[in-house]
Amino acid sequence: MNRPSRHTDTADATDAAPPVLSSLLHARPAQAPVTVTLLAINILVFLAMLLNGGSLWHGSTAVPLEWGANFGPATQDGQWWRLGSALFLHFGVIHLALNMWALWDVGRLIEQLFGRWRFIALYLGSGVIGNLLSLAIQGNQAVSGGASGAIFSLYGALLVFLLRERRQVDPGEFRWLFGAASAFIVLALVMGSLVPGIDNAAHLGGLVAGALWGLVLARRWTHRSPHPRATRAIAAAVLVAATTALVVNIPAPSYRLGEELRARQAISQFLQQDQRISQQWETILGQGQKDKLSFDQLAGRIDDTVTTPYQQSFEQLSGLHLDAAAPSAPALEALRAYAARRTDASQAMAEGLRDRDAEKFRKALESARQAPEWVRGTVGAASDDGTGAAVPPGATPGQ
69 MNRPSRHTDT
79 ADATDAAPPV
89 LSSLLHARPA
99 QAPVTVTLLA
109 INILVFLAML
119 LNGGSLWHGS
129 TAVPLEWGAN
139 FGPATQDGQW
149 WRLGSALFLH
159 FGVIHLALNM
169 WALWDVGRLI
179 EQLFGRWRFI
189 ALYLGSGVIG
199 NLLSLAIQGN
209 QAVSGGASGA
219 IFSLYGALLV
229 FLLRERRQVD
239 PGEFRWLFGA
249 ASAFIVLALV
259 MGSLVPGIDN
269 AAHLGGLVAG
279 ALWGLVLARR
289 WTHRSPHPRA
299 TRAIAAAVLV
309 AATTALVVNI
319 PAPSYRLGEE
329 LRARQAISQF
339 LQQDQRISQQ
349 WETILGQGQK
359 DKLSFDQLAG
369 RIDDTVTTPY
379 QQSFEQLSGL
389 HLDAAAPSAP
399 ALEALRAYAA
409 RRTDASQAMA
419 EGLRDRDAEK
429 FRKALESARQ
439 APEWVRGTVG
449 AASDDGTGAA
459 VPPGATPGQ
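Numbering (the numbering used here) for the sequence shown: 69 to 467.
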């Protein structure tokens with residue numbers, strides 16, 4: 069949106085000379101401290117994510133999700149703060165650079181038109197509403213983050229300002245600013261519809277919310293500007309009604325991230341315990357021959373060392389609640405079946421020993437050693453301790 073300034077300060081504007089807006093686009097950093105602060109926060113957060121496993125380019129969603137990205141199963145699991153934190157998270161340096169360029173370009177102008185505190189309210193309030201719309205439309209499918217929803221709100225507020233103050237703004241500047249802002253919005257939305265992984269829901273939500281916030285937070289640009297009182301009340305009512313309707317109609321999450329993470333922890337603990345039990349099982353069978361234990365003694369050791377731990381593990385896994393759509397649901401179900409099978413096999417082995425039934429013991433031992441490959445494969449795919457596995461396949465970054 070940059071254009072050569074005519075170097076006319078708005079403070080010198082008179083009734084005969086409408087305020088010159090182009091000079092505000094070239095404001096020094098000291099004249100736009102909130103914009104500079106937002107830039108710094110976004111860049112520092114990105115650098116901190118890089119130092120904690122984040123990707124310089126477009127990478128995994130695991131780190132952004134861990135840092136507060138917007139995702140239905142997480143946000144709707146009592147972590148509503150993600151609607152705000154997601155505004156400061158970016159998926160790669162290109163994503164960050166494009167958003168920071170746009171924020172610097174339009175932020176300086178809007179901050180001076182609305183004032184610092186109004187600018188903060190506009191940016192954060194509209195950004196949160198944009199993330200709400202994103203949550204309503206694609207909350208279960210995508211991990212979303214980025215400043216572009218809030219940036220779109222600045223363009224929405226700019227369009228509203230220009231329309232309100234069109235009689236006070238130089239006609240040439242009006243056409244140029246309105247045209248440039250409209251072109252940016254259209255091009256960005258078209259790109260978002262063509263390029264996978266761009267969250268147009270957050271963009272549209274931020275744009276509309278920004279226009280409404282722009283009316284609510286409007287202040288008179290000159291003494292000849294229309295008084296914003298009437299439009300402010302209407303815009304505030306629409307904003308409250310639309311936000312309420314949005315919150316009420318957000319679809320339920322396909323699963324809860326907290327339950328998913330608890331299931332993953334239980335799976336990890338079971339896999340570690342299963343290794344120990346399997347080693348002890350082989351040790352018991354070897355000791356039976358080496359130490360010449362009686363069949364009853366051997367059966368008792370199997371009961372204590374193998375059967376009881378597997379029974380406890382099965383009860384623990386069965387006590388976990390996990391929606392079928394959760395990423396770890398197949399692994400959890402497979403492990404329940406596996407624990408039940410190992411419990412039954414160890415019980416049958418102990419009974420075979422006590423009954424002196426060699427055939428029963430042989431079949432039980434064979435069953436115990438034949439853990440199905442599909443169970444091992446399913447469990448192995450979900451046994452990573454990283455947060456990334458809590459995201460369904462195909463989940464992509466948003467804004």
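Ideal placement from N, C-alpha and C gives every residue a C-beta, glycine not left out.
Burial state of residue i (16 or more Cβ within 10 Å)
i	result
Glu350	exposed
Leu325	buried
Ser386	exposed
Pro97	exposed
Ile162	exposed
Ile302	exposed
Met117	buried
Leu106	buried
Thr103	buried
Glu470	No answer is possible for residue 470: it lies beyond the span of the chain, which begins at 69 and ends at 467.
Ala210	buried
Glu233	buried
Ser381	buried
Asn317	exposed
Ala407	buried
Leu203	buried
Trp149	exposed
Leu119	exposed
Thr82	The predicted model places Thr82 with a pLDDT of 41, which falls under 50 and marks its position as unreliable; any figure quoted below should be read in that light. It is exposed - the Cβ of Thr82 has fewer than 16 other Cβ atoms within 10 Å.
Asp372	exposed
Val276	buried
Gly354	exposed
DSSP state of residue i mapped onto helix, strand, coil
i	result
Val237	coil
Val174	helix
Ala457	Any reading at Ala457 must be qualified, since the residue scores a pLDDT of 42, below 50, and its modelled position is unreliable; no value is offered.
Val276	helix
Asn268	helix
Asn138	strand
Val263	coil
Ser212	strand
Gly183	coil
Ile318	coil
Trp281	helix
Asp129	Just to set this straight, residue 129 is Thr in the shown sequence, not Asp. Coil, per DSSP.
Pro97	helix
Phe159	coil
Trp289	coil
Ala450	Interpretation of Ala450 is limited by its pLDDT of 48, a score under 50 that renders its predicted location unreliable; the figure taken from the coordinates is listed afterwards. It is coil, neither helix nor strand.
Trp349	helix
Gly152	helix
Gln147	coil
Asp364	helix
Ala393	coil
Pro294	coil
Arg424	coil
Ser250	helix
Arg232	helix
Tyr378	helix
Tyr406	helix
C-beta atoms of residue i and residue j nearer than 7 Å
i	j	result
Ala331	Gly278	no
Ile352	Ala418	no
Ala413	Ala432	yes
Phe159	Asn110	no
Thr376	Gln415	no
Pro296	Ala286	yes
Leu272	Phe229	no
Phe422	Ala367	In the sequence as displayed, the identity of residue 422 is Arg instead of Phe. Taking 7 Å as the Cβ cut-off, Arg422 and Ala367 qualify as a contacting pair.
Ile266	Gly274	no
Gly114	Leu166	Reading the sequence as shown, one finds Phe at residue 114 and not Gly. No; because the gap between Cβ atoms is not below 7 Å, this pair is not in contact.
Gly136	Ser153	yes
CB-CB length for residue i against residue j, believed under 8 Å
i	j	result
Ala215	Leu171	6 Å
Ile205	Ala269	4 Å
Gly217	Gly198	3 Å
Glu328	Pro395	7 Å
Ser212	Asn138	4 Å
Ile335	Leu262	Ile335 to Leu262, Cβ: 39 Å. No contact.
Leu314	Leu151	Contact doesn't hold; Cβ gap of about 11 Å is too wide.
Gly140	Gly247	37 Å between Cβ atoms; not a contact.
Arg184	Pro101	7 Å
Gln379	Thr411	5 Å
Chain B within 7 Å of residue i, Cβ atoms only
i	result
Arg287	Of the protein chains in this structure there is only one, and it is not chain B.
Determine, using beta-carbon pairs with one atom in the stretch 127-137 and one in the stretch 216-225, whether at least three such pairs fall under 8 Å. no
Is the number of C-beta pairs between the stretch 186-196 and the stretch 272-289 that are closer than 8 Å three or more? yes
Does the stretch 140-147 come close enough to the stretch 315-324 that 3 or more CB-CB pairs lie under 8 Å? yes
Inspect the CB distances between the stretch 233-240 and the stretch 300-308 and report whether three or more fall short of 8 Å. no
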